[in-house]
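Undergrad: In the working numbering, the protein residues as written are 155 to 501. Glycine is no exception: its CB is placed at the ideal position from the N, C-alpha and C atoms.
(1) Can you give the Cα-Cα distance for residue 291 and residue 331, rounded to whole angstroms?
(2) List in chain order: all unbroken alpha helix (DSSP H) runs of 4+ residues lying wholly within the stretch 335–373.
(3) Just tell me which of 255, 263, 259 and 306 has its CA closest to the CA of residue 278.
(4) Check each candidate in 477, 434 and 412 and name the one with the smallest Cα separation from residue 196.
(5) Can you pull the DSSP bridge partners for residue 208?
(6) Taking the Cβ atom as the reference point for each residue, do residue 149 and residue 261 lie within a distance shorter than 8 angstroms?
(7) Can you tell me the Cα-Cα spacing of residue 404 and residue 422, whole angstroms?
(8) Where does residue 446 land, buried or exposed, given buried means 16+ other C-beta within 10 angstroms?
(9) Using alpha carbons as the reference points, say which of 492, 191 and 264 lies closest to residue 463.
(10) DSSP has residue 226 in a bridge; who is on the other side?
(11) Count the other C-beta atoms from every protein chain shown that fall within 10 angstroms of the C-beta of residue 360, then say buried if there are 16 or more, exposed otherwise.
(12) Return the CA-CA distance between residue 483 and residue 367, expressed in angstroms with no decimal places.
(13) Straight-line CA distance for residue 192 to residue 489?
(14) Nearest-angstrom Cα distance between residue 425 and residue 435?
(15) Could you pull out every residue in the same chain whose Cβ sits closer than 8 angstroms to the Cβ of residue 336, ignoring the five residues on either side in sequence?
(16) For residue 357, which residues from the same chain have a beta carbon less than 7 angstroms from its beta carbon, with the 5 sequence-adjacent residues on both sides left out?
(17) With a Cβ-Cβ cutoff of 8 angstroms, do residue 496 and residue 346 count as a contact?
(18) What would DSSP say about residue 501, mapped onto helix, strand or coil?
(19) So, residue 351 versus residue 498, is the Cβ gap smaller than 8 angstroms?
(20) Under the three-state reduction of DSSP, which class applies to residue 279: helix, strand or coil?
(21) Please say whether residue 273 and residue 402 have beta carbons closer to each other than 8 angstroms?
(22) Which value, in whole angstroms, describes the spacing of the CA atoms of residue 467 and residue 241?
(23) Go ahead and pull the three-state DSSP assignment for residue 273.
(24) Go through its chain and collect everything with a Cβ distance to residue 443's Cβ below 7 angstroms, but skip five positions before and after it.
(25) Which of the three DSSP states, helix, strand or coil, is assigned to residue 265?
(26) Give the DSSP-derived three-state secondary structure of residue 314 in the structure shown.
(27) Could you name the residues of the same chain whose beta carbon sits closer than 6 angstroms to that of residue 185, not counting the 5 residues immediately before and after it, in chain order?
(28) Give me the DSSP bridge partner(s) of residue 296.
(29) So, residue 419 versus residue 432, is the Cβ gap smaller than 8 angstroms?
(30) Just the Cα atoms here: how many angstroms apart are residue 470 and residue 397?
(31) Looking only at C-alpha atoms, which of 343, 293 and 427 sits nearest to residue 258?
(32) Please classify residue 421: does DSSP put it in a helix, a strand, or coil?
(33) Would you give the residue range spanned by the beta strand (DSSP E) that residue 442 belongs to?
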């Protein structure tokens, strides 16, 4: 039996539903204006050479707008399936007239499954699955998993709060304002077009993550906020704590960031002077660029670039929560740590 409950639709609960850490979440669609410039992109000394992080080069970027946060489940629901949105979120300014008229079916829904990190599953789910990724056995193909039901349809939707004691999402809130996941490049591109926007280029994304022209354009920091991962011992991004993948010390009493997996898009302060949240950590973000490499082999499945790392990244395994870091995935794939944000041309 699925033990779930809807968030109480009462007036005094509204502030809790619509805020996280005291910040108003109605502004999930805000965009930041980023004045163009010429900057040093990439690294002279790549940290992960197979990811083609270098050599560095001077790149000119025009002025543009970029979403302040990654696209949330609530925002994506307005596009993909407005009827899935809980009644309670009308208190947060939800207006049905802003929703799409036709349901959008994501690639994960078309395939009938998506990859889920194994710690996000129940013991019963884990025991049923007979396949895994050989090089990364923590990724399991889960039938029925997609953006609305990230761990499968027998588990809570993103608009429900779980009563299961073992459920790591028991944070007294739904995941409405967490970044949408299990979205392919195709899905992200379709959403941005629907919003009258587009996916950012890799150069735009890296320029923005580094602070645009508000930062040194020729000597870029490792992280959006500087070169130290935890200045003043404060967590600035949602990444893996502990020993990946066997030990997750996210609990605050273990000096973790408090989030086992994804976190609300404004759970952490802006990461740079531009006011951008989660440019690194939380979820990977699709960009517009093709992945180009002499070793590329699967021409029938075009690959695109992703930036920023995710809650599963750790220095010992995936040190990609850096401005210059990058990786690739084919355009039809979705996972439980893969999201996006949109951009728009400037004046």
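TA: Per the coordinate set shown:
(1) Against the chain shown, residue 291 aligns to sequence position 137. Against the chain shown, residue 331 aligns to sequence position 177. Rounded to whole angstroms, the separation of the alpha carbons of residue 331 and residue 291 is 29 angstroms.
(2) 339–348 and 356–363
(3) Looking up residue 278 in the chain shown gives position 124. Looking at the Cα atoms, 306 is the closest of the given residues.
(4) Translated into positions along the chain shown, residue 196 becomes position 42. It is 477 whose Cα lies nearest to the Cα of residue 196.
(5) Taking the chain shown and counting its residues from 1, one reaches residue 208 at position 54. Answer is none; residue 208 lacks a bridge partner.
(6) An answer regarding residue 149 cannot be provided, because it is not within the stretch 155 to 501 covered by the chain.
(7) Along the chain shown, one-based indexing puts residue 404 at 250. Along the chain shown, one-based indexing puts residue 422 at 268. Approximately 14 angstroms, taken between the alpha carbons.
(8) Position 292 of the chain shown holds residue 446. Looking at its Cβ environment, which holds fewer than 16 other Cβ atoms inside 10 Å, residue 446 is exposed.
(9) Locating residue 463 in the chain shown gives position 309, counting from the first residue. Cα-wise, what sits closest to residue 463 is 492.
(10) In the chain shown, counting from the first residue as 1, residue 226 sits at position 72. For residue 226, which the question treats as bridged, DSSP gives the partners 333.
(11) By 1-based counting over the chain shown, the position of residue 360 is 206. By the neighbour-count rule (16 or more Cβ atoms within 10 Å), residue 360 is buried.
(12) Reading the chain shown from its first residue, position 329 is the one you call residue 483. Reading the chain shown from its first residue, position 213 is the one you call residue 367. The alpha-carbon atoms of residue 483 and residue 367 are separated by roughly 30 angstroms.
(13) Position 38 of the chain shown holds residue 192. Position 335 of the chain shown holds residue 489. Answer to the nearest angstrom: the Cα atoms are 34 angstroms apart.
(14) Counting from one through the chain shown, the residue named residue 425 turns up at place 271. Counting from one through the chain shown, the residue named residue 435 turns up at place 281. Straight-line Cα distance between these residues: approximately 10 angstroms.
(15) Sequence index remark: in the chain shown, residue 336 carries index 182 (1-based). Cβ within range, chain order: 260, 262, 268, 299, 300, 301, 304, 488, 489, 490 and 492.
(16) To locate residue 357, count along the chain shown from 1; it is residue 203. Contacts found: 195, 213 and 215.
(17) Indexing the chain shown from 1 puts residue 496 at position 342. Indexing the chain shown from 1 puts residue 346 at position 192. The answer is yes: Cβ separation under 8 angstroms.
(18) Translated into the one-based positions of the chain shown, residue 501 becomes position 347. The answer is coil: DSSP assigns residue 501 none of H, G, I, E or B.
(19) By 1-based counting over the chain shown, the position of residue 351 is 197. By 1-based counting over the chain shown, the position of residue 498 is 344. Yes. Within cutoff.
(20) Locating residue 279 in the chain shown gives position 125, counting from the first residue. Looking at residue 279 - three-state DSSP - the assignment turns out to be helix.
(21) Reading the chain shown from its first residue, position 248 is the one you call residue 402. Reading the chain shown from its first residue, position 119 is the one you call residue 273. Cβ distance < 8 angstroms, so residue 402 and residue 273 count as in contact.
(22) Walking along the chain shown from the start, residue 467 turns up at place 313. Walking along the chain shown from the start, residue 241 turns up at place 87. Put simply, the backbone Cα of residue 467 is about 35 angstroms away from that of residue 241.
(23) Position 119 of the chain shown, counting from 1, holds the residue named residue 273. Residue 273 falls in the helix class under three-state DSSP.
(24) Working through the chain shown from its first residue, we reach residue 443 at position 289. These residues qualify, in order along the chain: 355, 356, 458 and 459.
(25) For the purposes of this step, residue 265 is taken as the residue at position 111 of the chain shown. The answer is helix: DSSP assigns residue 265 an H, G or I state.
(26) On the chain shown, residue 314 is found 160 positions in, with the first residue counted as 1. Coil.
(27) One-based indexing of the chain shown puts residue 185 at position 31. Hits under 6 angstroms: 219 and 221.
(28) Reading the chain shown from its first residue, position 142 is the one you call residue 296. Its beta-bridge partners are 268.
(29) The sequence position of residue 419 within the chain shown is 265, counting from 1. The sequence position of residue 432 within the chain shown is 278, counting from 1. Result yes, Cβ atoms of residue 419 and residue 432 sit closer than 8 angstroms.
(30) Within the chain shown, numbered from 1, the residue matching residue 470 stands at position 316. Within the chain shown, numbered from 1, the residue matching residue 397 stands at position 243. Each residue's alpha carbon lies about 8 angstroms from the other.
(31) Numbered from 1 along the chain shown, position 104 holds the residue referred to as residue 258. If we check each option's Cα against that of residue 258, 343 comes out closest.
(32) Translated into positions along the chain shown, residue 421 becomes position 267. Of the three classes helix, strand and coil, the one that applies to residue 421 here is coil, per DSSP.
(33) Along the chain shown, read from residue 1 onward, the residue named residue 442 stands at position 288. That run of the beta strand (DSSP E) goes 438–444.
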